[in-house]
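Have a look at the structure below, then the notes.
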Amino acid sequence: MSSTLLSIKTDEQTKRDVQSFAKELGVSSTAFVNMVIRQALRDRRLVLTTSLEPTPYLEKLIRTAETDYVAGKNITTVETAEELDDLFKKL
């Protein structure tokens with residue numbers, strides 16, 4: 004199979020990130036890009052995903068909420084849908 008050149012433009016950081024990620028996978032950046040393209044063409048779709056990790060801001064909010072929960076602070080409970088509706092109306 005003969006090869007042809009496909010040229011893309013990207014910023015330096017993205018190029019370094021792709022090279023680094025490809026190296027982690029044990030392939031060259033060219034092989035990595037070819038794998039992604041072939042998979043997209045074969046499946047006729049492209050799945051883009053990110054890991055579900057909280058941001059530092061969200062982590063801080065979670066820690067605050069956990070501390071409040073343990074201390075019984077800023078906790079509101081309701082028994083019925085009507086109580087919940089009333090609570091939202093007060094907010």
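Each residue of the sequence shown is one higher than the last, beginning at 4 in the working numbering.
The C-beta atom is built at its ideal place from N, Cα and C for all residues, glycine as well.
Keep in mind that this is a model prediction, so the values were computed, not measured.
Tell me whether the beta-carbon of residue i lies closer than 8 Å to the beta-carbon of residue j.
i, j, result
"Ala43", "Leu49", "yes"
"Ile65", "Pro57", "yes"
"Val79", "Leu90", "Here the sequence assigns Thr to residue 79, which means Val is not the residue at that position. Cβ atoms of Thr79 and Leu90: closer than 8 Å."
"Ser32", "Gln22", "yes"
Suppose you measure from the CA of residue i to the CA of residue j; what does that come to, to the nearest Å?
i, j, result
"Glu15", "Val39", "20 Å"
"Leu94", "Ala34", "55 Å"
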